[in-house]
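Chemist: I have a structure here, written as structure tokens, and I will follow up with some questions on it.
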Amino acid sequence: MPVTKAQELTGRVVDDAKRPMEFVNVVAYALPDSAFVAGAITDANGAFSLSVPGTAAKRVLKVSFVGYETQVVEARPGVVVTLRPEAAALGEVTVTADRIRRSAGGYTANLLGSTVTQGRQTDEILALLPGVTRRDGALEVLGQAVGTVYVDGIRLTSTKELAALPADRIRRVQVDYTPGSSEFASTRGAVIRITLRKELDGGYYGYAMAGADVYSKYGFSRDFAYAVYNGRFNRLSLYNVLSYTDYYLATDDENTYDFLRTGRAQRTDVQSRGWTHRLYDRLSLTYDLTPRNTLGTSLYFSTDHAKPRTDVATFVRTPSGWADTALYTTRIETPYTYRTYQGTLRFDRELDDQGSTFNIGADYLRQYARNRMQTLRLLSSPDLDTLSNRSEETTNMLEARTSLNKNFASGLAINGGLAYRRITVDYDLTNERHLRTLPYAEGQMPAIYAEVQGPIGKRLQYGVGLRVQESRIAYRPDAAADLIVHDDWDAYSSFNLLWMINEARKISATLNYTEAVDDIPYSALTTHREYTDDHSYTTGNPDLVPCKSHTLTAALDLYDHLSFNTIYIYNETPIYYATRVDPALPSVTYTKPMNAKYERFLGLSAEARFDPLPWWKLKSMVMYTLFGSKSEDFDVSGQQKYYFSLSNTFRFTPHMGASLDGYYEPTFHFTDRIYRTVYEMSGSVYHTFLRDRLALRLNFKLFRHGRVIDTETPDLRLVEANRSHEQYFGLSLSYSFSGGRSVDVKQTEEIQSYEKIRDKR
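For what it's worth, this note's numbering labels the leading residue of the sequence shown as 114, then goes sequentially.
Below, the structure is given as structure tokens:
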């Protein structure tokens, strides 16, 4: 019997607004007996590819998605199938299966209808995805901080915004282990892209949540309220999220200073207290000029203000031990105000039925920060010593970019574009001696990039990219000083490869490589002293140069239940914070950013995801890392670190569930510091009412062992111990509502971000 050669049958699925539809089932049948031939699921561009025998038999495609009318069409190359919402599908649409689709850069998780999202917020559900963890409220992928998070195309100013989004509104999450060439070369770490669920046609969705937390030691410590609304009115799509939070800062620290050259030793008992108030609002409006052309704007505003107070008691060590009475006490008041304004304008055009697009956008961001510190030192005598300083910082950022993305029926995709970013930072600083300086910093980053992605046969997918970018930073320590300029043009490459070893059993391997250059934090350039207490301060270094990095990741995924990951990072001239004794003030220490010669990081991790019981989902991870670095302060290699985490999700009934999450990090060495063991266990219990519209939730932290850091230098041994009691419980109540028919709510992308880099402890 002759063997027929297989052929690739490709096509695309869109909705009635010509938008691509993902996770649609496409099945080919042979006529006249309707025998099954092949099946596939569409990707993020709505594209599918079927391998069918090369015979002359007539075939049809059955295209189906829950909540949409099933279509049966003739199977022909390049077919475009349009699905329309079912007339009776006026309620919410869900599917029953969780799906993870691997790609050359990472994976996409379909959370539509997933039971694990019930009763959780978005920041919590991300930690349940492969390779993602959450420590101290920060998201990490493969042990590295997440570089960027997008929600429906909006680049978030802060990942804290994820706490306002209910997880059951997520449609899918795309995790790229390394940033592609379309991101600025300063983007480090994974990129997470969240797409929210489709709303009801011509309709709306709303969500409101309020709650409060109580700490076992500090009492009432937080209250918050969130409100989310999105919908569509004819051609206009609207998205808005409003958040208000009051947070009581309460920390207890014990710091011990041994000055090795003088033999002096002192201890400080530090108590920080104070309320912080934060308000932000994000509004996105998108208007469909035509079915293929959209114009959008996004506006963001946030304000933070607080009046924290720190009380420091200083004790000296005598031959018989620590003194019972403080040598003196210090009260430090540090009121601050932060404000952020951001506006975006963007035009998008869909070029063809393959999902090719052209877009152009501009983004403006302005940040204002005002800090004041007043120190009152009460000596054992009635004398009173007062010091104060003040700082104001205004940042202006402008970014413009345009890109062209061309998709082909064969699966090939070409993406290219231009981008430009300019930043200026104005400082107004007054130190403790009442000396005023006006430093200034500016930076610009023009760039051009190109990426190519596509399949190699049936089992391989690749992606390659190149970005050419200038990184220019100029700094002036005072108004009359000359500019100090660092200017660097360079090319940054990226590469991704996916090998689908066995698609039926979901066995795959990925390899990713990327080059990057860090932004120098402008706040790290100024030599202004920022005191944490009267024994320590942080200052800047105008001679810093950018750090260039090379990141290689590899992953093996088995059956959607087991993952083995490797990450290797090599950094040239990385920035670290050196701890020194002030030569003019022998009882005062300071930290200063410096450039090391290099650092190397190797991480190995294993992760398991199982359902031990029908109502119990379990995710566990173990990570092992090796670190080495060389600088003028240290030359280390083979420093080891372990990390263990466990996440449990329980669904006892369709309306009641719980979570229990914990991690354990044993003592490890990092450069010239020893980080002592830290561990934590927290969780939640929820119950829904009124057809799951109303939800009551209890959050709790059972225990946490705080961090202790030992720092040793030739002049100093410093032990910083976190003695805070972080056990708490909190109650929250949420309500959601919706109506209308199914439609996509579009978003306008925020394309800028700005972060200060602090001493990472």
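No residue lacks a Cβ here, since even glycine has one placed at the ideal position from N, Cα and C.
Just so you know, these numbers come straight off a predicted model, no measurement behind them.
Where does ALA338 fall in DSSP's three states?
Modeler: Against the sequence shown, residue 338 aligns to sequence position 225. The answer is strand: DSSP assigns ALA338 an E or B state.
Chemist: Could you check the C-alpha separation between ARG830 and ARG301 for me, to the nearest Å?
Modeler: Residue numbering aside, residue 830 sits at position 717 when the sequence shown is read from its first letter. Residue numbering aside, residue 301 sits at position 188 when the sequence shown is read from its first letter. If I take the Cα positions, the gap works out to 32 Å.
Chemist: Given a cut-off of 8 Å, decide if VAL229 and ALA692 are closer than it, judged by their beta-carbon atoms.
Modeler: What you label residue 692 is simply residue 579 of the sequence shown in a count that begins at 1. What you label residue 229 is simply residue 116 of the sequence shown in a count that begins at 1. Checking the displayed sequence, the identity of residue 692 turns out to be Thr instead of Ala. No; because the gap between Cβ atoms is not below 8 Å, this pair is not in contact.
Chemist: Alpha helix (DSSP H) containing THR235: first to last residue?
Modeler: Reading the sequence shown from its first residue, position 122 is the one you call residue 235. First-last of the alpha helix (DSSP H) with THR235: 235-239.
Chemist: Would you mind stating whether ALA560 and GLY578 have Cβ atoms separated by less than 8 Å?
Modeler: The sequence position of residue 560 within the sequence shown is 447, counting from 1. The sequence position of residue 578 within the sequence shown is 465, counting from 1. Taking 8 Å as the Cβ cut-off, ALA560 and GLY578 do not qualify as a contacting pair.
Chemist: Excluding the five sequence neighbours on either side, which residues of its own chain have a C-beta within less than 6 Å of the C-beta of GLN257, listed in chain order?
Modeler: As a first step, residue 257 must be located in the sequence shown, where it is residue number 144. Within the same chain, GLN257 has close Cβ partners GLY302.
Chemist: Find out if the Cβ-Cβ distance for the pair ALA808, VAL821 is shorter than 8 Å.
Modeler: Your numbering for residue 808 matches position 695 in the sequence shown. Your numbering for residue 821 matches position 708 in the sequence shown. It is not a contact, given that the beta carbons lie outside the stated cut-off.
Chemist: With 16 other CB atoms within 10 Å as the buried threshold, where does ASN347 fall?
Modeler: Start at 1 with the first residue of the sequence shown, and residue 347 comes out as number 234. Its Cβ having fewer than 16 others within 10 Å, ASN347 is exposed.
Chemist: As a quick exercise: from ILE267, ALA522 and ARG247, pick the residue whose alpha carbon is nearest that of GLY409.
Modeler: As a position in the sequence shown, residue 409 is number 296, starting the count at 1. Closest by alpha carbon: ILE267.
Chemist: For THR308, which residues in the same chain have their Cβ closer than 7 Å to its Cβ, ignoring the five residues on either side in sequence?
Modeler: The residue labelled residue 308 in the question sits at position 195 within the sequence shown. Within the same chain, THR308 has close Cβ partners ASP265, ARG284 and ARG285.
Chemist: Could you say which of ARG377, ASN406 and THR291 lies nearest to GLY434 if we only look at CA atoms?
Modeler: As a position in the sequence shown, residue 434 is number 321, starting the count at 1. Of the listed residues, the one whose Cα sits closest to GLY434 is ARG377.
Chemist: Grouping DSSP H, G and I as helix and E and B as strand, with all else coil, what is GLU274?
Modeler: In the sequence shown, residue 274 corresponds to position 161, counting from 1. GLU274 falls in the helix class under three-state DSSP.
Chemist: Within the same chain, show all residues whose beta-carbon is closer than 6 Å to that of ILE473, passing over the 5 residues directly before and after it, in chain order.
Modeler: Numbered from 1 along the sequence shown, position 360 holds the residue referred to as residue 473. Taken in chain order, the residues that qualify are PHE460 and THR515.
Chemist: Hey, could you find the ends of the beta strand (DSSP E) PHE521 is sitting in?
Modeler: For the purposes of this step, residue 521 is identified with residue 408 of the sequence shown, where counting begins at 1. No beta strand (DSSP E) contains PHE521, which DSSP labels as neither H nor E.
Chemist: Mind the definition here: the stretch 420-435 touches the stretch 392-408 only if three or more C-beta pairs lie below 8 Å; say whether that holds.
Modeler: Counting Cβ pairs under 8 Å, fewer than three are found: no touch.
Chemist: Ordered along the chain, which non-local residues of its own chain (more than five positions away) have a Cβ less than 6 Å from that of LEU355?
Modeler: Counting from one through the sequence shown, the residue named residue 355 turns up at place 242. So the list reads ALA340 and ASP394, once near-sequence residues are dropped.
Chemist: For LEU624, which residues from the same chain have a beta carbon less than 6 Å from its beta carbon, with the 5 sequence-adjacent residues on both sides left out?
Modeler: Residue 624 sits at position 511 when you count from the first residue of the sequence shown. Closer than 6 Å at the Cβ level, and outside the excluded window around LEU624, lie LEU610 and ALA667.
Chemist: Who are the Cβ neighbours of GLU825 in its own chain at under 7 Å, not counting the five residues just before and after it?
Modeler: Here residue 825 is taken as the residue at index 712 of the sequence shown, counted from 1. Only ASP785 meet the Cβ criterion.
Chemist: Distance check for PRO687 and ALA592, CA to CA, integer angstroms please.
Modeler: For the purposes of this step, residue 592 is taken as residue 479 along the sequence shown, with counting starting at 1. For the purposes of this step, residue 687 is taken as residue 574 along the sequence shown, with counting starting at 1. Cα-Cα distance, rounded: 29 Å.
Chemist: Entirely within the stretch 458-494 and at least 3 residues each: give me those beta strand (DSSP E) ranges in chain order.
Modeler: DSSP runs (the beta strand (DSSP E)) wholly in the stretch 458-494: 470-492.
Chemist: Name the DSSP bridge partner or partners of ARG585?
Modeler: As a position in the sequence shown, residue 585 is number 472, starting the count at 1. Answer is GLN557 and ASP600, bridged to ARG585.
Chemist: Taking GLN120 as the reference, give the member of PHE136, THR358 and ARG172 with the closest Cα.
Modeler: Residue 120 sits at position 7 when you count from the first residue of the sequence shown. Ranking the options by Cα distance to GLN120, first place goes to ARG172.
Chemist: Taking the straight line between their C-alpha atoms, what separation do you get for SER523 and LEU638?
Modeler: Within the sequence shown, numbered from 1, the residue matching residue 523 stands at position 410. Within the sequence shown, numbered from 1, the residue matching residue 638 stands at position 525. Taking the straight line from one Cα to the other gives about 50 Å.
Chemist: Would you decide whether ASP748 is buried or exposed? Buried here means 16 or more other CB atoms lie within 10 Å of its CB.
Modeler: Here residue 748 is taken as the residue at index 635 of the sequence shown, counted from 1. It counts as exposed.
Chemist: Check each candidate in MET134, ARG132 and VAL176 and name the one with the smallest Cα separation from GLY152.
Modeler: As a first step, residue 152 must be located in the sequence shown, where it is residue number 39. Minimum Cα distance to GLY152 is reached at VAL176.
Chemist: Taking the beta carbon of PHE297 as the centre, do at least 16 other beta carbons fall within 10 Å, making it buried, or is it exposed?
Modeler: Start at 1 with the first residue of the sequence shown, and residue 297 comes out as number 184. Classification of PHE297: buried, given that the 10 Å Cβ count is 16 or more.
Chemist: Does the beta-carbon of ARG546 have 16 or more other beta-carbons within 10 angstroms, so that it is buried, or is it exposed?
Modeler: Sequence index remark: in the sequence shown, residue 546 carries index 433 (1-based). ARG546 is exposed by the Cβ-count criterion.
Chemist: Which of helix, strand or coil does DSSP assign to THR291?
Modeler: For the purposes of this step, residue 291 is taken as the residue at position 178 of the sequence shown. Coil at THR291, not helix or strand.
Chemist: Would you report the Cα separation of VAL206 and PHE783, rounded to the nearest angstrom?
Modeler: Working through the sequence shown from its first residue, we reach residue 206 at position 93. Working through the sequence shown from its first residue, we reach residue 783 at position 670. Residue placement at VAL206 is poorly supported in this model, since its pLDDT is 34, which falls under 50; the coordinates are not used for a value here.
Chemist: Report buried or exposed for GLY250, applying the criterion of at least 16 other Cβ atoms within 10 angstroms of its Cβ.
Modeler: Locating residue 250 in the sequence shown gives position 137, where the first residue counts as 1. When all chains shown are included, GLY250 counts as exposed.
Chemist: Does DSSP put ALA691 in a helix, a strand or coil?
Modeler: In the sequence shown, the residue the question calls residue 691 occupies position 578. ALA691: strand per DSSP, three-state reduction.
Chemist: Measure the CB-CB distance between ASP156 and GLY219 and report whether it falls below 8 Å.
Modeler: For the purposes of this step, residue 156 is taken as the residue at position 43 of the sequence shown. For the purposes of this step, residue 219 is taken as the residue at position 106 of the sequence shown. Against a cut-off of 8 Å, the Cβ pair of GLY219 and ASP156 comes out as no contact.
Chemist: Indicate the three-state DSSP secondary structure (helix, strand or coil) for ALA321 in the structure shown.
Modeler: Taking the first residue of the sequence shown as position 1, residue 321 is located at position 208. Of the three classes helix, strand and coil, the one that applies to ALA321 here is strand, per DSSP.
Chemist: Just verifying my parser: in three-state terms, what is the DSSP assignment at VAL383?
Modeler: Stepping through the sequence shown from its first residue, residue 383 is reached at position 270. Strand at VAL383.
Chemist: SER334 to THR447, Cα distance in whole Å?
Modeler: To locate residue 334, count along the sequence shown from 1; it is residue 221. To locate residue 447, count along the sequence shown from 1; it is residue 334. Whole-angstrom Cα-Cα distance: 19 Å.
Chemist: Which of helix, strand or coil does DSSP assign to THR922?
Modeler: This structure gives no information on residue 922, because the portion of the chain shown stretches from 114 to 874.
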